[in-house]
């Protein structure tokens, strides 16, 4: 997702918080939580996207060594929820930490935003394919 090396990304560490979730715990609910990014260290996460306008729900999983969440606030009528399926360890960068990162390490923030957009594009393509296959 990024061609930056580890020396570049080490600057992100002080903005991250490590959290462990037990199975069934809600990690991120886009409707009610502030924008946050999550980097999955271990565990399995269920992802549900609700499309109320077409009365359709799409479920998928998020695996270790990937990321999910939002760098910026986005308006949507879709409900997106991430729930721990197993004991899960994630590294979270909260809204407040994202704001600090933008001010203190703007180049890292900009690269994180690019990665977030790339992830969104890949997931959108996957969701679109799943909806077409389900129709």
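Numbering (our numbering), first residue to last: -16 to 118. Virtual Cβ for every residue (Gly too), placed ideally from N, Cα, C.
- A contact between stretches requires three or more CB pairs, one per stretch, nearer than 8 angstroms, and the segment 75 to 90 fails this requirement with the segment 58 to 65.
- Given a length threshold of 4 residues, each whole run of the alpha helix (DSSP H) inside the segment 62 to 106 is given here in chain order: 78 to 87.
- Rounded to the nearest angstrom, the Cβ distance from residue 91 to residue -6 is 5 angstroms, consistent with a contact under 8 angstroms.
- For residue -11, the uninterrupted alpha helix (DSSP H) segment begins and ends at -11 to -8.
- Looking only at 95, 6, 24, 38, the smallest Cα-Cα distance to residue 66 is reached by 6.
- Excluding five sequence positions before and after residue 9, the CB atoms of its chain that fall closer than 6 angstroms to its own CB belong to 66, given in chain order.
- In this structure, the CA atom of residue 17 is about 20 angstroms from the CA atom of residue -4.
- Per DSSP, the unbroken beta strand (DSSP E) holding residue 43 starts and ends at 39 to 45.
- By the Cβ-count criterion, residue 43 is exposed, with fewer than 16 other Cβ atoms from all chains shown falling within 10 Å of its own Cβ.
- For residue 45, same chain residues with a beta-carbon under 7 angstroms away, outside a window of 5 residues either side, are 23, 28, 30, 51, 65 in chain order.
- Listed in chain order, the non-local C-beta contacts of residue 56 below 7 angstroms within the same chain comprise 18, local neighbours out to five positions each way being set aside.
- The beta carbons of residue 11 and residue 76 sit about 12 angstroms from each other, so the pair does not count as a contact at 8 angstroms.
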